[in-house]
Amino acid sequence: MSAAVCCRCERLTFAPVAVRYVERVSGPGWTLHACPDCAPHLAPGPLPDETARPTRG
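First residue of the sequence shown? That's 732 in our numbering, and the numbers climb one at a time after it.
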């Protein structure tokens, strides 16, 4: 994975940890990343693999 900005301390990290997936009403969502130091302090949210696609009924 490439570098990302930590969502908590806002510093650039070259070892990002995915901590949450943010849904959007239209279009794809995005993943928030944290640095290894901040990740343990954030509550885990749904990640892309943990979200269910809407079912047609």
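Glycine residues also receive a C-beta, built at the ideal position from the N, C-alpha and C atoms.
Same chain, Cβ closer than 8 Å to residue i, neighbours up to 5 away in sequence not counted
i: alanine 734; result: Leu743, Thr744, Phe745 and Pro747
i: valine 736; result: Arg742, Leu743, Thr744 and His764
Length of the line joining the Cα atoms of residue i and residue j
i: aspartate 768; j: proline 775; result: 14 Å
i: histidine 772; j: glutamate 754; result: 22 Å
i: histidine 764; j: glutamate 741; result: 10 Å
i: alanine 770; j: cysteine 738; result: 9 Å
Sequence-distant residues of its chain with Cβ nearer than 6 Å to residue i (five each side left out)
i: threonine 762; result: Ala749 and Tyr752
i: proline 777; result: Tyr752
Residues bridged to residue i [DSSP beta-bridge criterion]
i: leucine 743; result: Val736
Coarse secondary structure for residue i, derived from DSSP in three states
i: alanine 770; result: helix
i: arginine 755; result: coil
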